[in-house]
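Chemist: Residue numbers (full-length UniProt numbering): 1 to 240.
Note that the Cβ used here is the ideal one computed from N, Cα and C, for glycine as well.
This structure is a prediction, so every number in the text was calculated from the model and none was measured.
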Amino acid sequence: MAMAAMNLPRADAQGIRRAVPDSLAGLTAEVSGIVGDPSVSEDDVAQALGRGLLAAAAAARLPDLAAWAEIPLASGQADAPLPADLLHAPVDAFLLPARGRVRLAPDLAALRRSCPATRPGRPRLAALAGGRLHVRPVPAGDVIIGFEYGRLPAPLAAPGDKPEGLPVHLAGPLLVAYACRELFERLEEGADGAKTQTAAYGKRYEALLAELTATTSPRQTAPADIPSAADPYGFGEDWP
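Written out as structure tokens, the structure is:
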């Protein structure tokens with residue numbers, strides 16, 4: 001993740017830790033104060049915090065990062081690009097504007113097995129592969145497929161930026177623990193004995209990440225409803 005060069009005050013300077021504790025500047029000052037090594041630059045810390053935000057967003061489907069996409073497909077078009085900021089795949093998809101359900105296959109091979117026919121028609125099954133949405137049957141006319149997905153968080157770039165999507169009570173501690181684990185791992189590389197600081201902050205990060213996933217990730221209560229190869233057109237009663 002690209003990071004602009006920054007001159008960030010330390011934790012005890014200008015009261016920044018008290019003023020904006022979970023901004024990039026505040027978090028960088030806190031981590032710099034913990035690590036306390038002149039070989040670790042503020043940019044090193046900022047980049048580690050950015051990687052921590054991406055790791056947390058990838059581990060849990062965060063409600064504040066939910067987004068809606070509408071993918072247009074022209075007649076005869078079998079696939080189209082997915083949103084560039086897609087992080088978590090959709091659970092359901094719909095043919096708009098009537099919102100007839102489009103079933104989602106787990107992969108492209110399953111899509112082809114479940115709906116091998118190539119005759120154009122109304123798309124009833126789709127799969128995500130290679131950064132594209134693939135549909136079967138190929139549409140006989142112009143259509144739009146809509147779905148909700150989990151997007152990437154905004155990058156931490158400016159000093160005042162705050163971690164997007166994370167619960168307020170977890171954002172600071174989680175990212176600080178991630179960055180400290182990563183930076184101490186580098187500093188303790190090759191040291192004799194155990195990596196004490198790396199292990200301590202790694203344990204703290206894993207505990208906070210477990211709390212995040214427990215409180216934000218949806219739980220699936222029913223099995224996935226995907227047509228089988230034996231019944232490639234068993235799309236349910238939501239289609240006439």
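Relative to the alpha-carbon of Tyr205, which residue among Gly190, Glu182, Ala110 and Glu189 has its alpha-carbon at the smallest distance?
Modeler: Glu182
Chemist: State whether the stretch 38 to 47 contacts the stretch 110 to 128, with contact taken as three or more CB pairs (one from each stretch) at a distance under 8 Å.
Modeler: Judged by pairs of C-beta atoms under 8 Å, the stretch 38 to 47 does not touch the stretch 110 to 128, as fewer than three such pairs exist.
Chemist: Using only the alpha-carbon positions, how far apart do Ala126 and Gln197 sit?
Modeler: The C-alpha of Gln197 is placed about 47 Å away from the C-alpha of Ala126.
Chemist: Determine the direct distance from the alpha carbon of Pro137 to that of Gln77, and round the result to whole angstroms.
Modeler: Answer to the nearest angstrom: the Cα atoms are 10 Å apart.
Chemist: Start and end of the alpha helix (DSSP H) containing Asp44?
Modeler: Following the DSSP letters along the chain, one finds Asp44 inside the alpha helix (DSSP H) bounded by residues Glu42 to Ala59.
Chemist: Does DSSP put Pro123 in a helix, in a strand, or in coil?
Modeler: coil
Chemist: Once the 5 residues before and after Ala89 are set aside, which same chain residues still bring their CB inside 6 Å of it?
Modeler: Leu128
Chemist: Comparing the C-beta of Asp85 with each C-beta of chain B, is any distance below 8 Å?
Modeler: Reference to chain B is not applicable here, since this structure consists of a single protein chain.
Chemist: Determine the direct distance from the alpha carbon of Gly100 to that of Pro72, and round the result to whole angstroms.
Modeler: 15 Å
Chemist: Expressed to the nearest angstrom, what Euclidean distance is found between the alpha-carbon atoms of Arg151 and Ala55?
Modeler: 13 Å
Chemist: Would Ala94 pass as a contact of Phe147 if the rule is Cβ separation under 8 Å?
Modeler: The amino acid at residue 94 is misidentified as Ala; the sequence shows Phe. Yes, the Cβ-Cβ distance between Phe94 and Phe147 is below 8 Å.
Chemist: Is the distance from the Cβ of Val35 to the Cβ of Val176 below 8 Å?
Modeler: no
Chemist: In three-state DSSP terms, what is Val135?
Modeler: strand
Chemist: From Ala74 to Tyr178, what does the alpha carbon distance come to, in whole angstroms?
Modeler: 45 Å
Chemist: Just to confirm my understanding: we take Asp142, look at its own chain, exclude 5 residues before and 5 after, and list those with CB closer than 8 Å. What are they?
Modeler: Pro72, Leu73, Ala74 and Ser75
Chemist: In terms of DSSP beta bridges, what is Asp79 paired with?
Modeler: Its beta-bridge partners are His134.
Chemist: How many Å lie between Ser41 and Pro159 at the Cα?
Modeler: 15 Å
Chemist: By the three-class DSSP mapping on this structure, what secondary structure does Pro116 have?
Modeler: In the structure shown, Pro116 falls within a coil segment according to DSSP collapsed to helix, strand and coil.
Chemist: State the beta-bridge partners of Pro72 as determined by DSSP.
Modeler: Ile144
Chemist: Checking the sheet assignment: what are the DSSP bridge partners for Leu95?
Modeler: DSSP lists Gly100 and Ile145 as the beta-bridge partner residues of Leu95.
Chemist: For Leu187 versus Gly52, is the C-beta distance shorter than 8 Å?
Modeler: Result no, Cβ atoms of Leu187 and Gly52 do not sit closer than 8 Å.
Chemist: Leaving out five residues on either side along the sequence, give the residues of the same chain with a beta carbon under 7 Å from the beta carbon of Arg219.
Modeler: Low local confidence applies: a pLDDT of 46 at Arg219 is under 50, so the model's placement there is unreliable, with the coordinate-based value given in what follows. So the list is empty, once near-sequence residues are dropped.
Chemist: Report back the beta-carbon spacing between Ala67 and Thr213 to the nearest angstrom; my notes put them in contact at under 8 Å.
Modeler: In fact, because the Cβ distance is near 20 Å, the residues do not count as touching under 8 Å.
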